[in-house]
Each structure stands twice: as C-alpha cells, then as structure tokens.
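Read through the structure below, which is laid out as structure tokens, and then see the notes.
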Amino acid sequence: MKRLSVSRTLAYLLSAIAAVFILFPFWITLSNAFMTEAESAAYPPKLWPTGLHLDNFSGVLASIPIVQFILNSFIVSSVITIGCLATSCMAAYAFAFLRFPGKKIIFALFLSTMMIPWEVAVIPNYLTVRSWGWLDSYAGLTVPFLATAFGVFLMRQFFLQLPKELMEAARIDGCGHIRIFLRLAVPLSMPGLATLGVYSFLNHWNMYLWPLLVTSSEKMRTVQIGVSMLQFSEMTAWNLVMAGLVLVLLPSLIMLALGLGRLVGGLTAGALKG
C-alpha cells in the first residue's frame with residue numbers, strides 16, 4: 259500500500275512538471291500581451307507584466323483587420339467540419355454495414371492515404387484549385403478538406419460498436435439503409451461525431467500553409483496568416499504580436515474547453531473495436 263502511494267505521488271509530480279513545461283509558452287504569450295513594448299523587449303525576459311496594458315489589444319485591432327481574419331477562419335473551419343462530418347458518416351456507414359465486392363480492399367486503400375504527407379498533395383491540389391478559378395475564395399480554402407480518411411475510420415469504429423441486434427430488428431421492421439442511418443446509426447454515434455467535429459475544427463483553425471498559398475487579399479486571409487502581419491521588417495512590437503496571438507487563441511481554447519472530454523473519450527472509445 260505504501261509503495262502504491264509513493265508511485266502515485268511520483269506520477270502526480272512528474273505530471274505537474276510536464277504541465278509546467280507545456281503551459282510555460284502559453285504563460286509567456288499571455289504575460290507579454292499585457293506588457294509595454296519596452297517590457298516585452300527587455301533582456302532577460304520578464305515573466306510578469308507591471309500592469310494590465312489593455313491598449314495592446316486595441317493596437318492590434320487598429321493595425322490589422324483581425325476581426326475579419328477570425329471570421330474567415332471561423333467560416334472555413336465550420337464549413338470543413340460540417341462537410342467532414344457528413345462525408346465521414348456516409349462513407350463509414352457503407353464500410354461498416356453495406357456489402358459490396360472488394361470492400362476490404364477499398365477500405366485498406368482508403369486508409370493508406372493517411373500515410374501520405376499532406377505536403378505531397380499540396381502542388382496537385384493547388385493546380386486543381388487554380389484551374390477551377392478558386393484561388394482567393396472560400397471554395398478553395400474548404401473543398402480539398404471536406405473528406406478525410408481519418409474521419410471515415412473513426413466513425414466506422416463507432417458504427418461497428420452498435421448492437422447488431424438493434425440493426426437486425428430495424429431491418430425486420432422494414433427499415434431501409436437510409437432510415438437506419440438517420441434514425442439509429444447517427445444518433446447513437448453522437449460521441450464520435452462530437453469527437454470528429456472538435457478535432458476537425460481545431461485542426462483547420464490552425465491551418466497555415468494552404469491558406470498562405472491560395473489567398474492573396476486581406477479579405478480572405480485567415481487568422482494564422484493575418485497575425486503574421488503584425489511583424490514588420492523594420493521593427494517588431496512583440497507585445498502587439500502576443501496580444502494578437504491571444505485573440506487568435508481564444509476561439510480554439512473555448513472549443514477545446516467545451517469538447518476536451520468528448521475528444522479524449524471519443525478517441526478512446528473508437529479505438530476499442532477493430
């Protein structure tokens with residue numbers, strides 16, 4: 259019993275140390291967001307601001323159209339999330355419950371795309387988007403991400419956990435696949451949908467490379483690109499940069515706080531059945 263208590267105490271101590279290291283960059287960002295320009299540029303760096311200089315945030319709003327950038331990122335992330343949920347659910351249902359020739363081979367090939375780095379597909383996707391005239395548009399920012407192999411895999415795992423007896427009873431009652439999908443499979447897999455939704459939203463909120471390639475005007479820039487406009491070649495006011503980062507982080511932190519439990523629980527549940 260004593261050995262178990264010592265092990266648990268050691269585990270808590272190591273977790274606390276790891277949490278400090280993980281949260282330290284966030285604290286530096288938050289504290290610098292409330293410092294004056296001189297304090298943020300001081301050496302050695304200060305860990306605490308002398309006061310809450312809220313004018314840094316008004317300076318960010320005056321320097322760049324960050325509200326427009328946040329709105330663009332919210333629209334792009336929301337559209338991609340909704341599209342990903344729809345396509346993943348339908349494809350996952352087909353792979354889980356429908357019978358058709360070569361299903362296992364097709365699913366294996368589908369999952370193999372997860373091993374291809376996104377950077378490999380950037381040039382073909384860019385050329386396709388450019389040929390369709392979708393540069394500097396919401397379509398170019400969203401359409402390439404509306405379907406993902408990971409989403410299909412995750413939702414298929416949830417569908418496979420549904421009771422087979424329930425599906426068989428629905429078929430005996432005369433339900434077709436569309437009704438089973440809408441009335442049973444989707445409602446019973448809401449934890450998986452919430453997990454995929456939070457993951458997809460946060461992942462695409464933080465996109466940088468693709469929006470940098472396909473957008474050129476300020477009205478279409480997303481937050482990750484827009485906040486870099488606070489850095490100037492002549493001089494960079496790090497207090498303004500950090501204040502901009504705090505504004506950018508707020509929506510994703512709120513989403514993470516609301517969906518963290520479902521994200522962790524959903525990923526764990528989806529990994530239980532093969």
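Reminder that position 90 of the sequence shown reads as 348 in this note's numbering, one-by-one numbering, no gaps. A virtual CB, placed ideally from N, CA and C, is assigned to each residue, including glycine. Quick caveat: nothing in here was measured; it's all calculated off a predicted structure.
- Between Gly455 and Leu343 the beta-carbon gap is near 6 Å, inside 8 Å, which marks them as a contact.
- Taking a contact as a CB-CB distance under 8 Å, the pair Leu470 and Met513 does not count as one, their CB atoms being some 23 Å apart.
- About 5 Å separates the beta carbon of Ser331 from that of Val481, a gap short enough to meet the 8 Å contact definition.
- Leaving aside the five residues that flank Val318 on each side, the residues in its chain whose CB is nearer than 8 Å to its CB run, in chain order, Ile324, Leu488, Leu498, Ala501, Gly502 and Leu505.
- By the 16-neighbour rule on beta-carbons within 10 angstroms, Pro445 is exposed.
- Across the set Ile286, Leu385, Ile328 and Ile363, the C-alpha of Ile328 shows the shortest separation from the C-alpha of Met465.
- Straight-line spacing of the CA atoms in Thr267 and Ala277 works out to 15 Å.
- Using a C-beta cut-off of 8 Å, the segment 472-479 makes contact with the segment 387-395, since at least three inter-stretch Cβ pairs fall below that distance.
- Cβ-Cβ distances below 6 Å link Val410 to Ser346, Ala349 and Ala350 in the same chain, with the five nearest sequence neighbours on each side left out; the list follows chain order.
- Of the candidates Met293, Phe279 and Trp463, the residue whose Cα lies closest to the Cα of Leu312 is Met293.
- The three-state reading of DSSP puts Ile322 in coil, since its state is none of H, G, I, E or B.
- Straight-line spacing of the CA atoms in Thr339 and Ile333 works out to 10 Å.
- Residue state for Cys347 is assigned as helix, using DSSP reduced to three classes.
- Ranked by how close their Cα comes to the Cα of Leu418, the residues Leu385, Leu356 and Pro375 have Leu356 in first place.
- Inter-residue distance for Pro303 and Glu297 is about 8 Å (C-alpha atoms, whole angstroms).
- Each of Trp468, Ile483, Trp463 and Ala495 was checked against the Cα of Ser510, and the nearest Cα belongs to Trp463.
- DSSP places Trp463 within a helical segment (H, G or I) once states are collapsed to three.
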